[in-house]
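**Student:** First the structure, which I've put down as structure tokens, then a few questions once you've had a look.
Numbering (UniProt numbering), first residue to last: 1 to 73.
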């Protein structure tokens, strides 16, 4: 049972620009876009604009879809 060694301590860091209740949605959208090959540096401002435009009630699927439309331009 001691074979695993010491586990790193400390909490998970929150990426810059991710604050508040929408942080989970923003992070999830960024991870989804990264999985599709988009770099965080290009996707983060787009996701932020989309979330601001759609408002608090926006679902993750809509945020990703609208972000993809903007990134495709």
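We put the CB at the ideal spot given by N, CA and C, even for glycine.
Computed from a predicted structure; not experimentally measured.
#1: Does DSSP classify residue 58 as helix, strand or coil?
#2: Would you mind stating whether residue 47 and residue 30 have Cβ atoms separated by less than 8 Å?
#3: Within this structure, are the beta carbons of residue 60 and residue 25 separated by less than 8 Å?
#4: Can you list, in chain order, the residues of its chain with a C-beta nearer than 8 Å to that of residue 68? Leave out the 5 residues immediately preceding and following it.
**Tutor:** Result, derived from the coordinates:
#1: coil
#2: yes
#3: yes
#4: 33 and 36
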